[in-house]
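Colleague:
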Amino acid sequence: MPTPATGLLLGLLLAACGLPLPWSWAAFLPLALILPFIAAAPTPRHAAGRAFWVGFGYFGLHLWWLGAFLVNLLGFPPLAAAAALLFALEGAFLAAAAFLATSVTRTRTGRIWTLAGAWVILEWLRFLGPLAFPWPTLGYTLLPTPTIQIADLGGVLLGSVLVTLTAASLAHAWTERQQQGRRPLTPALLAAGAWAAALGYGLTRTPGTGPEQPMRVMRVTFDVFGRASNTLDPASEFDVQRAASLNRPQDSVVVWSESSVRNQSTPALKGTAVPNFPGPGITGYSGQQFTPLLDNQYRVEEFNTVVTTDTAGRVQSVNAKAQPVPFGELFPFRPILTPIYNLLERNLGFPLGSMPRNLTPAPIALNGVLYGAYICYDSVFPRVARALTAQGAEVLVNPSNDGWYRGWGVQQHFNMGRVRAIETRRWLVRSVNNGVAGSVNDLGQPIQTVQDGTELRTLDVRPRLLTGTTVYVRLGDWPALMLALGMILYGMTRRERDF
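By the UniProt record's numbering, the letter at position 134 of the sequence shown is numbered 134, and the numbering carries on one by one without gaps.
1. Give the single residue among L86, A39, A40 whose Cα lies nearest to the Cα of F59.
2. Could you work out which residue in G57, A51, A243 is closest to A83 when comparing CA atoms only?
3. So which of G210, E123, L14, Q411 has the shortest CA-CA distance to V436?
4. Hey, could you find the ends of the alpha helix (DSSP H) T186 is sitting in?
5. Considering only DSSP beta bridges, list what E302 is partnered with.
6. Please classify R111 as buried or exposed, where buried requires at least 16 neighbouring CB atoms within 10 angstroms.
7. Are at least three pairs of beta-carbons, each pair with one atom in the region 215-222 and one in the region 423-432, less than 8 Å apart?
8. Taking the Cβ atom as the reference point for each residue, do V253 and G281 lie within a distance shorter than 9 Å?
9. With DSSP run on the structure shown, which of helix, strand or coil describes R457?
10. Quick check: the Cα distance between L94 and H46, rounded to an integer number of angstroms?
11. In terms of residues, what are the limits of the alpha helix (DSSP H) holding A437?
12. Under 9 Å, do P399 and A365 count as touching if we go by C-beta distance?
13. Sorry if obvious, but does the Cβ on L128 come closer than 8 Å to a heavy atom of the ligand SAM?
14. Is the number of C-beta pairs between the region 63-70 and the region 2-13 that are closer than 8 Å three or more?
15. Taking the alpha carbon of L481 as the point to measure from, which residue in G49, G117, P30, F37 has its own alpha carbon closest?
16. Return the first residue and the last residue of the alpha helix (DSSP H) that L138 is part of.
17. Three Cβ pairs or more, each shorter than 8 Å: is that satisfied between the region 192-204 and the region 146-153?
18. Would the beta-carbon of F69 fall within 9 Å of that of W408?
19. Alpha carbon to alpha carbon, how far is A97 from L330?
20. Suppose the cutoff is 8 Å on Cβ atoms and the five residues either side in sequence are ignored; what does the same chain contact list for N276 look like?
21. Tell me M492's beta-bridge partners as DSSP assigns them.
22. List the residues that DSSP assigns as beta-bridge partners of N319.
And the structure:
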């Protein structure tokens, strides 16, 4: 079989062991085939080529729903091919990592270990910067098993370390057997020991105890394109959600989804009135602010925030979205891409504004409780929930909007968000437009959820308010990064020449 086809098939196989599939825990098996496949390349340049095709297949299948979204966006099926540009870009990043990883060692087993460590470093890099896009991350594949509980020690990246270390150990053992005809026990024992430790840790975790906070979450089913183009009436949406928020249990806090209060002309401040809002509650609050410039021009800046309101509908605190969606809320390279953006605006029927990143997310307060509220896309960035918890958040709240896409994308988004509950040991509640709404406990286990139907549905949930900080909240990604660097250094110390 041609090398590109082999790489493509291996990438597809890895994606077939990813979220949201129940056998995702087996992702280390295809990875154990991928690492020696790349390591066996005769030169670093050839290794980069193999890695590119692996990455193209991996991202292409894992993110198939992105192509479907692009078709739905403009109703033009060939547009799905544009998603291939993203898959190729991600493949190129993996190729660059493979080139560097295979350049620093001349042994096949050494390359296996440097590739394993570089894979984790590359995943970490995908969390950074304004164009960050952390799909997929191997650590999430552990969600069907108790091993995912190690996320409170080193985040989801520590799970990635376990997956890559296991794959590298198996690949190392197989490679030495093929080359030298012996069965090395050390790599296999290393993998078995790592899994035993992770399983033991996960099986001994118990839910935290704390006071309950009654809350009402809801799943609404508004058309996102109608919202964006303003063909849906915001007042009618408001009334529907308000009616569903009445007659709640005593002391219940209602949670509305992202942009439930929308088309506002100025950002919310403490004391801003949200007329008729059925507080106490938490809601998405968004709009556009027009700043006058010279020559009768205006700068349009979008804002996307989450606010708490009291019983009178007055805003008590505000937190802005930390990570705008690249090419969805943040449009880079405008001087170069202006013709493309103009074409999109004409076809979509609404302007593409610009939204700043919130580099200092803070908890929002209501009736003496600190809520770690973050909006939609923020839920796939561990640093956001970590920062909110470090500042005293007692429960995580994720107003979201999953109406843009279907299939795996919706489930991946929800499941990735579950790991934030584990990393911080906080309950998570979620109100959403066309996605999964409900509550998740501090072990990442869904307690009450609703995820389908065409009508508005509500759930009265009772998350616990928890305190304390995990190792991950205190140290962040450093434990995982140190282990990844350790794998790279181990690979670099293997000096016997194989090529």
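Where is the CB? At the ideal position from N, CA and C, for every residue including glycine.
Modeller: This is what the structure holds:
1. L86
2. G57
3. Q411
4. 185-203
5. Q288
6. buried
7. yes
8. yes
9. strand
10. 13 Å
11. Note, A437: premise wrong, no alpha helix (DSSP H); beta strand (DSSP E) at 437-440.
12. no
13. Judged by which ligands are present, the structure shown has none, so any question about the ligand SAM falls away.
14. no
15. G117
16. L138 -> no alpha helix (DSSP H), and no H or E assigned at all.
17. yes
18. no
19. 27 Å
20. F238, R242, G313
21. For M492, which the question treats as bridged, DSSP gives no partner whatsoever.
22. V306
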